[in-house]
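Asker: Dumping the structure here so I can ask a few things about it.
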Amino acid sequence: MIVAASNSETIPIEKETDIVTARQVGRNMSRQLGFGTIMQSRIATSISELARNIYLYAGTGTITIETVENDEKTGLKITALDEGPGIADLRKALEDGFTTSGALGAGLPGVRRMMDDFQMESTLGKGTRVVVIKWRE
Amino acid sequence: MTRGLEAEYVQILRDYLDSQEEDELYGAQKLGKFLLRRDISPEEMVDLHGRALEKLGDVPEFVRASFRILTEVMIEYGNAQRSLNSWRSKHAQLQSEVAVASAMQQALLPQNMPTYPSVEIGAISIAAHEISGDYYDFMYVDEHQFSLTIGDITGKGIPAAMCMSMLKYAVDSLGEIRLGPDQMLRHLNRVVERNIDASMFVTMLFGCYDTQSHVFRYAVAGHEPGFLYRAQEGRFYDLAGSGVALGIDGNSQYKEQEVHLQIGDLLILLTDGVTECKLGRSYMTREELISNLQHEVHLPSQNMVDQIYRRLLMLTQFEQRDDYTMIVLKRI
Ligand SMILES: Nc1ncnc2c1ncn2[C@@H]1O[C@H](COP(=O)(O)OP(=O)(O)OP(=O)(O)O)[C@@H](O)[C@H]1O
Ligand SMILES: [Mg+2]
């Protein structure tokens, strides 16, 4: 359970360069939190995937990055929010090999595996929300 | 990643830079296997290498920076590696499902041959993969008669197996009503046409053998014609008969055919896995098949089908591309 959140930053995603901004903010914040270089890159990559999905499938949306704490540890929480078309079949979207890129393990399943917590909600015609957290060891 | 591992890697690297010997490269290969077993990702490996360089001397800034690019790229490879386990377990699950389906399918094939004093029957059916699209069965009609079905379902795997279980059920229940071969196929065609995917169809020969008159009455639905072997002449004839495969047109009609067997004559029924054997680049011709059959006609029926299978498998260099089924019925 998250007991506190702080340092929240929200990046609007409207054009492709916004994806770069979101990556950058995520990388900086994860560095400040003390994540190692690999983890910084994995966090930036995950943000990138979520932001790209917003850009490609919803057109616009936001990425919010914040520091969170529970009883024992500190982590970075990323929320991707959009009011796009939504996803009809979430199970399918999270299935390996379902990505349009065809790359093995890429896309949402890849994000799920790189992060610790992964939540996703989507309503057709209303939009999609993905929340992921990476806890610092 | 453990300190020990990092120290070991630095050591391997240092030794190699000093000696540039194959030895160290071999060591690196072994390390690679070890790292994979421990699920160390490509990006971690890149990172390890970067850190090891720092231990060995002054690393120019551009080299250090270049590692960041490499790391980003490697994360995608890491994603592929991380997904491997989920693919593995999916694969294992599918395999076990297929194994169960395969066992169930085996149970659909006849467990023993009909036994009548004046005929000798041999049958063989071997799937190209775990699951077969070929089907055959015998049914007891009365003391003197039995019926037989041989069919080939287009496609392989699970869809074929599902279709087969439906066919078996339909043949069994229609068999109770004692339909003539042409009517049997007409009814089966309706069942198949209504219940299977439009892209699938079934070729079939259904017949009834009278062990007193030695007349075989049968009808064919798009199936590979079999052979009639006349012992007196030592010659093979194509079994007559055609007809549209099951499942294509709900209104197809079928024609009953009849042959009369003399002592020593053989009926050879098969699926296209037999006739479409590939010898090198070309298919075996019907003449070549006949000459292979000819070699084994003197054998008891079961030995004959087993022997022909072995012979053809050898000719195709043990590459069986399609499901293979052959039934031999000999009047003795
Ligand atoms: N925010 C979103 N809104 C609507 N649909 C989405 C959204 N995010 C993902 N999807 C749908 O889920 C599918 C899977 O997304 P995922 O990111 O895993 O793969 P991809 O975008 O198709 O390919 P890749 O990310 O590997 O280039 C997408 O193809 C898209 O149909
Ligand atoms: Mg995507």
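First to last, the sequence lines map onto chains A and B. Residue numbers for the first sequence follow UniProt numbering, so the first one is 1 and each next one is one higher. Residue numbers for the second sequence follow UniProt numbering, so the first one is 1 and each next one is one higher. Yeah, the Cβ is synthetic: ideal placement off N, Cα and C, and Gly gets one too.
Enumerated in chain order, which unbroken segments of the alpha helix (DSSP H) with a length of 4 residues or greater are wholly contained in the segment 205 to 278 of chain B?
Answerer: The qualifying runs are 272 to 275.
Asker: Please classify B:N189: is it buried, with 16 or more other beta-carbons within 10 angstroms of its beta-carbon, or exposed?
Answerer: With 16 or more Cβ atoms within 10 Å of its Cβ, B:N189 is classed as buried.
Asker: Since B:I69 meets chain A, which of its residues come closer than 8 Å, beta carbon to beta carbon?
Answerer: Residues of chain A passing the Cβ test: none, with the nearest at roughly 10 Å.
Asker: B:A198 to B:M166, Cα distance in whole Å?
Answerer: Taking the straight line from one Cα to the other gives about 15 Å.
Asker: Using a Cβ-Cβ cut-off of 6 Å (strictly less than) and excluding sequence neighbours within five positions of A:N70, which residues of its own chain qualify?
Answerer: If we look at A:N70 and ignore the five residues flanking it on each side, its Cβ neighbours are M1, I2, V3.
Asker: Taking C-beta pairs closer than 8 Å, name the residues in chain A that B:R82 reaches, listed in chain order.
Answerer: Result: G105, G110, R113, M114.
Asker: Quick check: the Cα distance between B:G133 and B:H187, rounded to an integer number of angstroms?
Answerer: Near 20 Å, if we compare the C-alpha coordinates of B:H187 and B:G133.
Asker: Assess, as a yes-or-no matter, whether the segment 106 to 116 of chain A is touched by the segment 71 to 83 of chain B under the definition of 3 or more beta carbon pairs within less than 8 Å.
Answerer: Because the criterion of three Cβ pairs below 8 Å is met, the segment 71 to 83 of chain B and the segment 106 to 116 of chain A touch.
Asker: Let me know the secondary structure DSSP gives A:T99 once reduced to three states.
Answerer: If DSSP states are grouped into helix, strand and coil, A:T99 belongs with coil.
Asker: Are A:G75 and A:I38 touching if we call contact CB-CB under 7 Å?
Answerer: No, Cβ-Cβ distance for A:G75 and A:I38 is not below 7 Å.
Asker: Mind pulling the chain B residues with CB within less than 8 Å of residue 150 of chain A?
Answerer: Lying outside 1 to 137, the shown extent of chain A, residue 150 of chain A is not represented and no answer is given.
Asker: Pick out every residue whose C-beta is nearer than 5 Å to a heavy atom of ligand 2: which are they, in chain order?
Answerer: Here the residues come out as A:N53, A:G107.
Asker: Among all the DSSP beta bridges, which residues are the ones paired with A:L76?
Answerer: In the DSSP output, where bridge partners are listed per residue, A:L76 has A:T67, A:K134.
Asker: Closer than 6 Å by C-beta to A:P12: which residues in its own chain qualify, once you throw out the five before and the five after it? Chain order, please.
Answerer: Closer than 6 Å at the Cβ level, and outside the excluded window around A:P12, lie T62.
Asker: In chain A, which residues lie less than 7 Å from B:S86 when you measure between Cβ atoms?
Answerer: Chain A residues near B:S86: D96.
Asker: Compute the minimum distance between the beta carbon of A:D82 and the heavy atoms of ligand 1, and state whether it is under 6 Å.
Answerer: Yes, the Cβ of A:D82 comes within 6 Å of a heavy atom of ligand 1.
Asker: Which value, in whole angstroms, describes the spacing of the CA atoms of B:L246 and B:G122?
Answerer: Distance between the alpha carbons of B:L246 and B:G122 is about 26 Å.
Asker: In whole angstroms, what separates the C-alpha of B:T71 from that of A:S41?
Answerer: Each residue's alpha carbon lies about 7 Å from the other.
Asker: Is the beta carbon of B:H223 less than 7 Å from the beta carbon of B:L261?
Answerer: Result no, Cβ atoms of B:H223 and B:L261 do not sit closer than 7 Å.
Asker: Can you give me the Cβ contacts of B:A128 inside the same chain, cut-off strictly under 8 Å, excluding the 5 residues immediately before and after it?
Answerer: These residues qualify, in order along the chain: K156, G273, Q320, R321, D322, D323, Y324.
Asker: Taking B:L269 and B:I327 to be in contact with their CB atoms under 8 Å, please state how far apart those CB atoms are, rounded to whole angstroms.
Answerer: The Cβ separation is near 4 Å, so the contact holds.
Asker: Could you give the distance in angstroms between the alpha-carbon of B:L239 and the alpha-carbon of B:D265?
Answerer: One C-alpha to the other measures close to 13 Å.
Asker: According to the neighbour-count rule (16 or more other Cβ atoms, all chains shown, within 10 Å of its Cβ), is B:L271 buried or exposed?
Answerer: This sequence places Thr at residue 271 of chain B; Leu is not what is there. Buried, by the Cβ-count rule.
Asker: Among residues of its own chain, excluding the 5 on either side of B:G50, which ones have a beta-carbon nearer than 6 Å to its beta-carbon?
Answerer: These residues qualify, in order along the chain: F67.
Asker: Are any of the Cβ atoms in chain B nearer than 7 Å to that of A:E41?
Answerer: The question names Glu, yet the displayed sequence has Ser at residue 41 of chain A. So yes, A:S41 belongs to the interface.
Asker: I'd like to know if B:I75 contacts chain A, where contact means its C-beta is closer than 7 Å to some C-beta of that chain.
Answerer: Judged by the 7 Å Cβ criterion, B:I75 is in contact with chain A.
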